[in-house]
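Report on the following structure.
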Amino acid sequence: MARTPASLVPDPIAEHNRRLGRRGEALAARHLTGLGMEVLDHNWRCEAGEIDLVLRDGRVLVICEVKTRSSTDYGAPLEGVDRRKADRLRRLGARWLRAHDSHPEDIRVDLVGVLAPPGGPVEIEHVAGIG
Numbered sequence: 026m027a028r029t030p031a032s033l034v035p036d037p038i039a040e041h042n043r044r045l046g047r048r049g050e051a052l053a054a055r056h057l058t059g060l061g062m063e064v065l066d067h068n069w070r071c072e073a074g075e076i077d078l079v080l081r082d083g084r085v086l087v088i089c090e091v092k093t094r095s096s097t098d099y100g101a102p103l104e105g106v107d108r109r110k111a112d113r114l115r116r117l118g119a120r121w122l123r124a125h126d127s128h129p130e131d132i133r134v135d136l137v138g139v140l141a142p143p144g145g146p147v148e149i150e151h152v153a154g155i156g
């Protein structure tokens, strides 16, 4: 009997995490547009990484990282973003600007933490302009 290569076998945990992440990004986008922002790009990728959301907040371009968790067993969602990740987001933002020949008045990096427990209420935390 032929065996399926391990790389072709679906990983249920990875698939769960992808679905959870997509749901969190959709919830974050809805939350931010409710605050008056406009989504310009979603899951923009280059060889250096990915930006979850690129938005416009008035005349400010916003690079937004979304962290979604289904529980706090391993910490709150925003605890998953450290200084190194924030610096990487800034570099990715500069690449997005070059790729889109965009010249906004200002740029900032925001974080959105989404806690989405199964069957429970969703909590969204938005931190505008991380250091």
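With this note's numbering applied, the sequence shown covers 26 to 156. Glycine is no exception: its CB is placed at the ideal position from the N, C-alpha and C atoms.
Close-in-space but distant-in-sequence residues of the same chain around residue i (CB under 8 angstroms, 5 per side omitted)
| i | result |
| --- | --- |
| Val147 | Leu52, Val139, Leu140, Ala141 |
| Val134 | Val87, Ile88, Cys89, Glu90, Ala111, Leu114, Arg115, Gly118, Gly154, Ile155 |
| Leu103 | Lys92, Leu136, Gly138, Glu150, Val152 |
| Glu75 | Asn68, Trp69, Leu117 |
Inter-residue Cα distance where the pair is residue i and residue j
| i | j | result |
| --- | --- | --- |
| Leu57 | Pro37 | 30 angstroms |
| His160 | Gly144 | Residue 160 is absent from the model: the chain starts at 26 and stops at 156. |
| Leu122 | Asp66 | 12 angstroms |
| Arg44 | Asp126 | 32 angstroms |
| Met62 | Asn68 | 17 angstroms |
| Arg48 | Asn42 | 10 angstroms |
| Leu60 | Ala39 | 31 angstroms |
| Val79 | Gly100 | 26 angstroms |
| Asp98 | Cys71 | 32 angstroms |
Cβ shell of residue i (< 6 angstroms), same chain only, five flanking positions each side left out
| i | result |
| --- | --- |
| Asp131 | Val85 |
| Gly46 | Thr93 |
| Gly105 | Lys92 |
Short Cβ contact (7 angstroms threshold) for residue i with residue j
| i | j | result |
| --- | --- | --- |
| Glu50 | Asp82 | no |
| Ala54 | Val64 | yes |
Residues near residue i in its chain [Cβ-Cβ closer than 7 angstroms; skip 5 each side]
| i | result |
| --- | --- |
| Ser96 | Pro142 |
Using 8 angstroms as the Cβ pair cut-off and three pairs as the minimum, do the region 33–43 and the region 118–127 touch? Contact between the region 33–43 and the region 118–127 is absent: fewer than three C-beta pairs spanning the two stretches fall below 8 angstroms.
Where in the region 32–92 do unbroken runs of the beta strand (DSSP E), each at least 3 residues long, occur, reported from the N-terminal end onward? Complete beta strand (DSSP E) runs here, min 3: 63–71, 74–82.
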